[in-house]
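In UniProt numbering, the protein residues as written are 1 to 474. Structure first, commentary second.
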Ligand code: URP
Ligand code: ZN
Ligand code: ZN
Ligand code: ZN
């Protein structure tokens, strides 16, 4: 199957130019001023940007949490992702104490295969460390293609791991080529503050934010960064929300440590006041770390611009307002944590970032796609438009103005945390490995067309970049 995308403006993390793209089977075969291939299907992309498909390095599909399960599974969640211009997700596989890491991955494979409509990889969450776990890690990296390991420093009694676990994983990751990810909040302090708030009769959603202060995030971020330095390892801090955490990442980076950070669109456009909405509406905005005071939005934009933070994840973790969020109507600690963002991540970053003049279009592509591919061992197969890369791309109309709403979104959840927000720009068609998933704003894919991606080890970045340059030159 051959397809030529004609006359589009190709935009990558480094270049912007008008050219034709020849797709053969699943890959980009060539890029040139003018491609004439008689047997190929022609796609006219005049007036559109042709960008690498988005890579969302932070999703939770079909994930059990707080006695319930996320509203989106790998089918509904990846369909929504595709509508939004994302062609790869990296989902968090949860492991159980006392069971093998391999069995956790098997569980996640059975949730995702035959369901996903776009490609997907896994990060593996680890909450205990023992000989069995340490012995399994090399095999998980080499054979299973899972090269990133997540440690929760919060959610005491559920997912929380202690510093010993974190440190030993950092050491193992250094040795075997993994990247350690942390949810950085001090879970012990939060446990103290939430218990105290409930004893004082403070049960409304706003207390979710007030009992998880930015200092608790800053402290955990700094601790993780220092343990990373001690282990001479590498760290990726997920969902960074505030000045206290950005400062810790910036300090570690200034000293030459490999500490990377992600933030999420919700922290750039919403703030803590949303949790104060009446009639328990504030419950829609409960996730962790919580929304912060508004001044942090500028701190986060500046950190993205200056490269202190590199990537944008959605932290997709959707729960319905009716029947799930409302489990915590009388007790904010019972509200399942998380929100629906996988569909809007790409467009929101384009609109708030590029359209509003905060970031360049290249910085945008870098944040929503290229950086995640590089950090998680998928580059240059994913994350760019170049000969040899997978034909994952978005035909994006930068002129459309629309309003985000639960009435029109495709996530399987009964509200949008971004309801009423206007965005400029829209993915019109989306291709995954050369096949349409979205064509003229309609889903035309099928469950199971997404493939599992084995990620390369951390540290092959420089080599892969060199390979990509050679591919483009030839
Ligand atoms: O509240 C959130 N973010 N839920 C998903 C789990 C996590 O902490 O990332
Ligand atoms: Zn988290
Ligand atoms: Zn998350
Ligand atoms: Zn405008």
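Think of the CB as a built atom: it goes at the ideal place given N, C-alpha and C, for glycine as much as any other residue.
heavy atom of ligand 2 below 7 Å from residue i C-beta
{"i": "residue 288", "result": "yes"}
{"i": "residue 208", "result": "no"}
{"i": "residue 183", "result": "yes"}
Residue i: CB within 7 Å of a non-hydrogen atom of ligand 1
{"i": "residue 60", "result": "yes"}
{"i": "residue 475", "result": "The requested residue 475 is not part of the displayed model; the chain covers only 1 to 474."}
{"i": "residue 338", "result": "yes"}
Residue i beta carbon near ligand 3 (any heavy atom closer than 7 Å)
{"i": "residue 239", "result": "yes"}
{"i": "residue 487", "result": "This structure cannot speak to residue 487, because the chain is shown only from 1 to 474."}
According to DSSP, residues forming a beta bridge with residue i
{"i": "residue 443", "result": "438"}
{"i": "residue 51", "result": "394"}
{"i": "residue 28", "result": "23"}
{"i": "residue 148", "result": "179"}
{"i": "residue 300", "result": "Looking at the DSSP assignment, residue 300 forms no beta bridge with any residue, so it has no partner."}
{"i": "residue 45", "result": "Per DSSP, none; premise fails for residue 45."}
{"i": "residue 427", "result": "396"}
{"i": "residue 311", "result": "262"}
{"i": "residue 319", "result": "Answer is none; residue 319 lacks a bridge partner."}
{"i": "residue 69", "result": "64"}
{"i": "residue 119", "result": "88"}
{"i": "residue 236", "result": "181 and 260"}
{"i": "residue 124", "result": "93 and 149"}
Counted within 10 angstroms of its Cβ, other Cβ atoms place residue i as buried (16 or more) or exposed
{"i": "residue 110", "result": "exposed"}
{"i": "residue 135", "result": "exposed"}
{"i": "residue 310", "result": "buried"}
{"i": "residue 106", "result": "exposed"}
{"i": "residue 411", "result": "buried"}
{"i": "residue 278", "result": "exposed"}
{"i": "residue 8", "result": "buried"}
{"i": "residue 352", "result": "buried"}
{"i": "residue 350", "result": "buried"}
{"i": "residue 71", "result": "buried"}
{"i": "residue 155", "result": "buried"}
{"i": "residue 442", "result": "exposed"}
{"i": "residue 181", "result": "buried"}
{"i": "residue 315", "result": "buried"}
{"i": "residue 325", "result": "buried"}
{"i": "residue 1", "result": "exposed"}
{"i": "residue 38", "result": "exposed"}
{"i": "residue 200", "result": "exposed"}
Proximal residues to residue i (C-beta, below 8 Å), its chain only, five neighbours per side dropped
{"i": "residue 440", "result": "428 and 429"}
{"i": "residue 174", "result": "231, 232, 233 and 234"}
{"i": "residue 269", "result": "297, 348, 352, 418 and 421"}
{"i": "residue 46", "result": "6, 7 and 8"}
Close-in-space but distant-in-sequence residues of the same chain around residue i (CB under 6 Å, 5 per side omitted)
{"i": "residue 75", "result": "115 and 447"}
{"i": "residue 478", "result": "The shown model of the chain, from 1 to 474, leaves out residue 478, and the question about it has no answer."}
{"i": "residue 165", "result": "129"}
{"i": "residue 229", "result": "257"}
{"i": "residue 54", "result": "85, 86, 346, 368 and 369"}
{"i": "residue 245", "result": "217, 218 and 221"}
{"i": "residue 241", "result": "267, 289 and 292"}
{"i": "residue 470", "result": "Note that residue 470 scores 47 on pLDDT, short of 50, meaning its location in the model is unreliable; the coordinates nonetheless yield the value given after this. For residue 470, where only same-chain residues beyond five positions count, there are no Cβ hits under 6 Å."}
{"i": "residue 287", "result": "337, 338 and 339"}
{"i": "residue 275", "result": "205, 206, 209, 282 and 285"}
Own chain, CB closer than 7 Å to residue i, minus 5 neighbours either side, in chain order
{"i": "residue 414", "result": "320, 321, 322 and 406"}
{"i": "residue 293", "result": "271 and 272"}
{"i": "residue 81", "result": "56, 89, 118, 342 and 343"}
{"i": "residue 225", "result": "235, 248, 249, 252, 257 and 259"}
Heavy atom of ligand 5 within 7 Å of residue i beta-carbon
{"i": "residue 163", "result": "Here the bound small molecules are ligand 1, ligand 2, ligand 3 and ligand 4; ligand 5 is not part of this structure."}
Problem - Inter-stretch contact (C-beta, 8 Å, three-pair minimum) for the stretch 123 to 132 and the stretch 431 to 439 - result: no
Problem - Inter-stretch contact at 8 Å, needing at least 3 Cβ pairs: the stretch 286 to 301 / the stretch 368 to 381 - result: They do not touch, by the three-pair rule.
Problem - Segment contact flag, the stretch 418 to 427 with the stretch 59 to 70, C-beta cutoff 8 Å, min 3 pairs - result: No, the stretch 418 to 427 is not in contact with the stretch 59 to 70.
Problem - Meets three-Cβ-pair contact criterion under 8 Å: the stretch 213 to 228 and the stretch 255 to 268 - result: Verdict: yes, contact present.
Practice task
Give a yes or no on contact between the stretch 188 to 207 and the stretch 278 to 289, applying the rule of three or more CB pairs nearer than 8 Å.
Solution key: yes
Problem - Cβ contact check for the stretch 355 to 363 and the stretch 149 to 165: 3 or more pairs under 8 Å - result: no
Exercise for the section: Specify whether the stretch 386 to 406 and the stretch 183 to 193 touch according to this definition: at least 3 beta carbon pairs, one from each stretch, less than 8 Å apart. Expected result: no
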